[in-house]
Amino acid sequence: MAVPPKDMHTIRPHVQCYRLRTLLEELTGMPIAQLWPEDITRWCRKLFPLATSGFNGSCGQYIPNHNRWRLCPKNSKELRFPCNSCPREARHTLYNHLLYKYNYKLQAPRAPLLNFYSPRPAAYLVLHPEQVWLVFPRLPRQVLHPNQKMPEWDDQEQQESDSEKSWPWNDDRQQGHNRKPLDDREKRDHDTWQQQPHSSKQF
């Protein structure tokens, strides 16, 4: 169910194509079989206006009037229609049609279907979300990949790290690393203090 249109090689540098089922599942975080029809309708109303076109992934044909659609009350195993290209049955379901003609088994046959309005009189186009592909304009590279280096941690972690570096007792933990070297006077006082006996009595 991923047959591209014939002009895909010319429009590929300017567009991005996504399967409708993949978009719905990524946006909702749920399998399409578990989505309510109201949720599918709500997301489709947001996605379809953003797409420049749509095509049928089973044959690569563009969907006419892809913005004019509605949910079908029946699923792929309930809706029956006449078909001249499948000799096994004169009238069968969409599930069997895809299985006979394209050797494709729908992964979510109970998902709602989309009924697209056709410009031809008394004609309609019913597709499963696994068949529908939406074509979106490709964003410029500077929008997708801004030329800036993202930090490896958030601001809170960076503030905590900076505050830890400013702790006075961290100088002893670092064992001399990143410490300012002692001048001659400080070194002489330090050596004199090391040579003096110290009491272990605690006050």
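Yeah, the sequence shown ends on 263 if you go by the working numbering, and it's all consecutive.
Where is the CB? At the ideal position from N, CA and C, for every residue including glycine.
Just so you know, these numbers come straight off a predicted model, no measurement behind them.
> residue 111: which of 88, 120 and 125 sits nearest, CA to CA?
Replying inline: If we check each option's Cα against that of residue 111, 125 comes out closest.
>> According to DSSP, simplified to helix, strand and coil, what is residue 152?
In response: The answer is strand: DSSP assigns residue 152 an E or B state.
>> Please tell me whether residue 173 has its Cβ less than 8 Å away from any Cβ of chain B.
In response: Chain labels in this structure do not include chain B; a single protein chain is all it has.
> Taking three-plus beta-carbon pairs below 8 Å as touching, is the region 77 to 88 in contact with the region 98 to 105?
Replying inline: Contact between the region 77 to 88 and the region 98 to 105 is present: 3 or more CB-CB pairs across the two stretches fall below 8 Å.
>> Could you compute how far the alpha carbon of residue 107 sits from the alpha carbon of residue 78?
In response: Straight-line Cα distance between these residues: approximately 11 Å.
> For the candidate residues 73, 119 and 96, whose alpha-carbon lies nearest to that of residue 66?
Replying inline: Selected option, being the one with the closest Cα: 119.
>> Quick check on this structure: which residue in 146, 72 and 190 has the alpha carbon closest to the alpha carbon of residue 165?
In response: Restricting attention to 146, 72 and 190, the CA atom closest to the CA of residue 165 is found in 190.
> Mind checking residue 136: buried by the 16 CB within 10 Å criterion, or exposed?
Replying inline: Looking at its Cβ environment, which holds 16 or more other Cβ atoms inside 10 Å, residue 136 is buried.
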